[in-house]
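Residue numbers (our numbering), protein chains in the order written: chain A, 7 to 104; chain B, 7 to 104.
Note that CB positions come from ideal geometry on N, CA and C, so glycine has one too.
Please read all numbers here as calculations on a predicted model, not as lab measurements.
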């Protein structure tokens, strides 16, 4: 059904994609993404999006699927980070109550 | 010299590989990797190694080079983590001085 190459690709994809899950779980449960660098997350998201483009150009389904799942998980983490940053900005602009 | 596909692949590789650098820099400067999960690092290293095997099987130089650099950076982080864990074990086994 699947070639040996596809199976190695799927195993690689599962490992690298699964590694985002503990980070997302940590951000979700602690409710903070303060220690994560937004620049690092955006560079990584850009890279994963480019891997999807590369997979499409090469006609490589393993690369397309693996990086699509990874970028979806990563965008959830970016969402948490941006929400936290916006909340921080609003708190700074609100005048102090007596 | 390079095809459009290769250029997209190189750009993707540079972005995803570059994202390991700030983490390695942080571990190097702070001297601690306590907040990093060893299981996550090992799953990620396994995944990157499998991507190298996949690249070799597909004859895809971009995948081979990108993941080789990533796994080298990641193994430096794993080295820090293991050194820290071993130091912790030794400190626990040492009898308390009066």
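Residue of the options minimising C-alpha distance to residue i
{"i": "residue 49 of chain A", "options": "B:36, B:19, B:69", "result": "B:19"}
{"i": "residue 71 of chain B", "options": "B:38, B:99, B:30, B:57", "result": "B:57"}
{"i": "residue 24 of chain A", "options": "B:51, B:12, B:36", "result": "B:51"}
{"i": "residue 91 of chain B", "options": "B:38, B:21, B:34", "result": "B:38"}
{"i": "residue 22 of chain A", "options": "A:84, A:85, A:73", "result": "A:73"}
{"i": "residue 28 of chain B", "options": "A:47, A:12, A:29", "result": "A:47"}
{"i": "residue 83 of chain A", "options": "A:12, A:96, A:45", "result": "A:45"}
{"i": "residue 26 of chain A", "options": "A:54, A:9, A:79, A:61", "result": "A:79"}
Through-space distance from residue j to residue i, alpha-carbon basis
{"i": "residue 42 of chain B", "j": "residue 32 of chain B", "result": "11 angstroms"}
{"i": "residue 69 of chain B", "j": "residue 15 of chain B", "result": "8 angstroms"}
{"i": "residue 36 of chain A", "j": "residue 76 of chain A", "result": "21 angstroms"}
{"i": "residue 30 of chain B", "j": "residue 85 of chain B", "result": "11 angstroms"}
{"i": "residue 87 of chain B", "j": "residue 99 of chain B", "result": "19 angstroms"}
{"i": "residue 34 of chain A", "j": "residue 89 of chain A", "result": "12 angstroms"}
{"i": "residue 63 of chain A", "j": "residue 60 of chain B", "result": "17 angstroms"}
Three-way DSSP call (helix, strand, coil) for residue i in this model
{"i": "residue 65 of chain B", "result": "coil"}
{"i": "residue 37 of chain A", "result": "coil"}
For the region 76-88 of chain B, enumerate the residues whose C-beta is nearer than 8 angstroms to any C-beta of chain A, in chain order. none
Taking beta-carbon pairs under 7 angstroms, can you tell me which members of the region 55-76 of chain A lie near chain B? 56, 57, 59, 60, 63, 64
Using a beta-carbon distance cut-off of less than 9 angstroms, what residues from the region 39-50 of chain A approach chain B? 41, 43, 45, 46, 47, 49, 50
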